[in-house]
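Protein chains in written order, with the working numbering: chain H, 108 to 365; chain B, -9 to 299.
Some notes on the structure that comes next.
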Amino acid sequence: MSARIVAIASNTFREAVRDRVLYNLIAFALLLSAAAILVGQISIDIERLVVVNLGLTAVSLFGVVIAIFIGIGLVSKEIEKRTLYTVLSRPVRRWEFIVGKFLGLAGTLAVNAFFMAIGVFAALFYVAHAFHRPDGWILVALYFIILQFLIICSLALLFSSFSSPLLSAVFAFSLFVIGSFAEDLRGFAAMAHGLTRWLATAAAYLVPNFSTLNVISSVAHEQPVAAQLIVYNTAYAMLYAGVALCGAVLILEHRNLK
Amino acid sequence: MNPAQRVTLTASLLLVMCLAGSVVFLRRLDQVRKEVTLEEVLYITSPKVLKRMSLGYDGLLADIYWTRAVQYFGRRHGERASHYNLLAPLLEITTALDPHLLVAYQFGANFLAPSPPNGAGMPDRAIRLVEYGIQNNPDDWHLYYELGVVYYLEVKDYAKAADAFDRGAKVPNAHPFLKILAAQMAQHAGDIQMARALWATTYQTTQDKQIRANAVAHLRALEVEQEVTVLEQMVAQYRERTGQWPSAWADLVAAGMVRALPRDPTGRPYKLAADGRVQVEVPDDIPFIAKGAPPGYQPPLPRNLESKP
Chain H
108 MSARIVAIAS NTFREAVRDR VLYNLIAFAL LLSAAAILVG QISIDIERLV VVNLGLTAVS
168 LFGVVIAIFI GIGLVSKEIE KRTLYTVLSR PVRRWEFIVG KFLGLAGTLA VNAFFMAIGV
228 FAALFYVAHA FHRPDGWILV ALYFIILQFL IICSLALLFS SFSSPLLSAV FAFSLFVIGS
288 FAEDLRGFAA MAHGLTRWLA TAAAYLVPNF STLNVISSVA HEQPVAAQLI VYNTAYAMLY
348 AGVALCGAVL ILEHRNLK
Chain B
-9 MNPAQRVTLT ASLLLVMCLA GSVVFLRRLD QVRKEVTLEE VLYITSPKVL KRMSLGYDGL
51 LADIYWTRAV QYFGRRHGER ASHYNLLAPL LEITTALDPH LLVAYQFGAN FLAPSPPNGA
111 GMPDRAIRLV EYGIQNNPDD WHLYYELGVV YYLEVKDYAK AADAFDRGAK VPNAHPFLKI
171 LAAQMAQHAG DIQMARALWA TTYQTTQDKQ IRANAVAHLR ALEVEQEVTV LEQMVAQYRE
231 RTGQWPSAWA DLVAAGMVRA LPRDPTGRPY KLAADGRVQV EVPDDIPFIA KGAPPGYQPP
291 LPRNLESKP
């Protein structure tokens, strides 16, 4: 990987840390500790279920919010503050800037998710007093959440490359909501006819499918995740993030920054 | 080609390739998820909880759950599943979110009550669902009709069926047929004609494709039942006249008892057995037949698709 991309990625990571992004971990830790203690006192037999559901949902939502709110400013703020000109006046290509920013943000989110995962397992150990084999599937759910972050980061970057931060946030969040209902969109498409069916099917394939990356409920119920699902989800998330990144590169490449 | 053009070309090519690849993998994911994921689990089963979680957007959520119910039934019906555990909760959630979604009640009455693989085999849940629909839509005669049909065809409780039709007949703008049904119920309970009339009305009064197809299948089965009865009577008459069973339909045509080769609703000729029985050629193509199937015929068994019933 180009040293320039690594430099941009590490600066993006440092900038996020400096922006006190990782402070969300405190809120997350408080939430999980309170849930673990409370659930242990008020419920019977669903402590594990609640901790896994709540923990993984929090990892996902905290990450998505961070990805959107940092991602939307990655390009537009650099243009607004005119720091992008300084970067691009050096031997840095525009596509390298986009890829570096993406990797930096993805890295920030992965580190964030790693600490949160420790919190989830700690809370799980607190309520269950031991780890069991099916708990391993929680790691798969966390991996899928990170794949989700990759898609969100790339989309936020794509919108940031041509739109204002506010609109980018609206677009990215809307796509996250639509993508979470992607399978229902496919269901509607299957029930439609003629041109509507084609259009709805095309839209269903064009929006990111986040529902396929969400296995939180099944791992909470100790259901295994098929190996094929892991492979296909990985390929899908990488390719989809690739689409959005290529879009961002194309837009920035042709954008008049003068 | 300058570096900017090279980047544009490479990024464009990559974009198209990644997009095509993502569609390919999404289609594969659809296949994998069908087999391995949460098809048989509904994590939030409480309609009340879902209504609260919808934050007031319950109409949209009802539409989503309605789509899920139809998709679920369609898929499992295609697989000839032995049970439809999620159909009742999905319909109950749908109607709790939108109590005026009439088609959901009609769908429930038609597919919750019959036994698998044609339905969920839950007439009690179907009755409860339709009664809930009546409670929320007391002026819609279709719901009383559906309730009567469930009592008549599935529960065989003709008194309750008559009561449902009678209640429906009193609703403003009710179909006049309801009054006739209520009146004739006691006299003609169990008749083929009555069943035919019910399925014909179901066909005429719904727009839902699956409900219509189900009504057509039942009407075909009743047609076969009627035709086989008449044809077997003719064969018996032929035997009385000649002292022997006819060897083929040509014998009955020659005797002037039938005009042409009799055919079933699929267009295939009826088979005439050596002992005078009349049978359809491919019974699998005419579901629900009570008469006209070869001796010992077992309709295709529903498939148990779940590891955990």
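From the three backbone atoms N, C-alpha and C, an ideal C-beta is built for every residue, glycine too.
Legend entry - Status (buried if at least 16 other CB within 10 Å, exposed otherwise) for E230 of chain B: exposed
Inset, instruction - Please confirm whether R111 of chain H and E187 of chain H have their CB atoms less than 9 Å apart. - result: no
Inset, instruction - Taking all protein chains shown into account, decide if P285 of chain B is buried (16 or more other Cβ within 10 angstroms of its Cβ) or exposed. - result: exposed
Inset, instruction - Could you tell me whether the stretch 104 to 119 of chain B touches the stretch 140 to 157 of chain B, using the rule of 3 or more Cβ pairs below 8 Å? - result: yes
Legend entry - Range covered by the alpha helix (DSSP H) that runs through H67 of chain B: 48 to 68
Legend entry - Check whether V120 of chain B and E136 of chain B have beta carbons under 9 Å apart: yes
Inset, instruction - Classify G(-1) of chain B as buried or exposed, calling it buried when 16 or more other Cβ atoms lie within 10 Å of its own Cβ. - result: Before going on, a small fix: residue -1 of chain B reads as Leu here, not Gly. Result: exposed.
Inset, instruction - Look at the alpha carbon of S271 of chain H and the alpha carbon of L51 of chain B, and state the distance between them as a whole number of angstroms. - result: 31 Å
Legend entry - Residues that T57 of chain B contacts on chain H, provided the C-beta gap is smaller than 8 Å: D291, G294, F295, M298
Inset, instruction - Classify V6 of chain B as buried or exposed, calling it buried when 16 or more other Cβ atoms lie within 10 Å of its own Cβ. - result: exposed
Legend entry - Contact with chain H by P106 of chain B, beta-carbon distance below 9 Å: no
Legend entry - Interface flag, Q255 of chain H vs chain B, CB-CB below 9 Å: no
Legend entry - Contacts that D284 of chain H makes with chain B (C-beta to C-beta distance below 8 Å): Inspection of the sequence shows that residue 284 of chain H is occupied by Val rather than by Asp. Within 8 Å Cβ-Cβ: nothing; V284 of chain H doesn't reach chain B, min ~11 Å.
Legend entry - Backbone secondary structure at L357 of chain H - three-state DSSP: helix
Legend entry - Host alpha helix (DSSP H) of L137 of chain B (start-end): 131 to 139
Legend entry - Residue burial classification, H300 of chain H (beta-carbon count within 10 angstroms, cutoff 16): exposed
Inset, instruction - Consider the Cβ of Y339 of chain H: report whether some Cβ of chain B lies at a distance smaller than 9 Å. - result: yes
Inset, instruction - Kindly indicate which three-state DSSP category V166 of chain H falls into: helix, strand or coil? - result: helix
Inset, instruction - List the residues of chain B whose Cβ lies closer than 7 Å to the Cβ of G368 of chain H, in chain order. - result: The structure shown does not extend to residue 368 of chain H, since chain H is modelled only from 108 to 365, so the question has no answer here.
Legend entry - Supposed close pair T215 of chain H, V128 of chain H - CB separation, criterion 8 Å: 6 Å
Legend entry - Buried or exposed by the 16-neighbour rule on C-beta atoms within 10 Å, applied to N108 of chain B: buried
Legend entry - F238 of chain H burial status per 10 Å Cβ neighbour count (16 or more: buried): exposed
Legend entry - From H:F266, H:V199, H:D126, H:L320, residue whose alpha carbon lies closest to that of V338 of chain H: H:L320
Inset, instruction - Using beta-carbon positions only, say whether S261 of chain H and L168 of chain H come within less than 9 Å of one another. - result: no
Inset, instruction - Can you tell me which of the three DSSP states K298 of chain B falls into? - result: Because K298 of chain B sits at a pLDDT of 37, beneath the cut-off of 50, its placement in the model cannot be relied upon, and the point is left open.
Inset, instruction - Report the neighbours of S12 of chain B on chain H: residues whose CB is nearer than 7 Å to its CB, in chain order. - result: Y343, L346, Y347, V350
Legend entry - Any chain B beta carbon closer than 9 Å to A123 of chain H: no
Inset, instruction - Could you pull out every residue in the same chain whose Cβ sits closer than 8 Å to the Cβ of T27 of chain B, ignoring the five residues on either side in sequence? - result: Low confidence applies here, because T27 of chain B scores a pLDDT of 40, under 50, leaving its location unreliable; read the following figure in that light. Contacts found: none.
Inset, instruction - Would you list, in sequence order, the uninterrupted alpha helix (DSSP H) runs of no fewer than 4 residues that lie entirely inside the stretch 250 to 301 of chain H? - result: 272 to 287, 289 to 298
Inset, instruction - Could you check how far apart the C-beta atoms of I259 of chain H and I175 of chain H are, in whole angstroms? I think they sit under 8 Å. - result: 6 Å
Inset, instruction - Could you list which residues in chain B have their beta carbon closer than 8 Å to that of N363 of chain H, in chain order? - result: Neighbours of N363 of chain H on chain B: none; closest Cβ ~12 Å, over 8 Å.
Inset, instruction - For F97 of chain B, go through chain H and note every residue whose CB falls closer than 7 Å to its CB, in chain order. - result: Ordered by position in chain H, no residue passes the 7 Å Cβ test against F97 of chain B, which lies about 13 Å from the chain.
Inset, instruction - Run the CB neighbour count on G243 of chain H, radius 10 Å, all protein chains shown included, and call it buried at 16 or more, exposed below. - result: exposed
Legend entry - A142 of chain H and V158 of chain H closer than 9 Å at C-beta: yes
Legend entry - Rounded Cβ spacing between T84 of chain B and H132 of chain B (contact assumed at less than 8 Å): That belief does not hold up - the Cβ atoms of T84 of chain B and H132 of chain B are roughly 17 Å apart, past 8 Å.
Legend entry - Short CB-CB distance (under 9 Å) between I54 of chain B and chain H: yes
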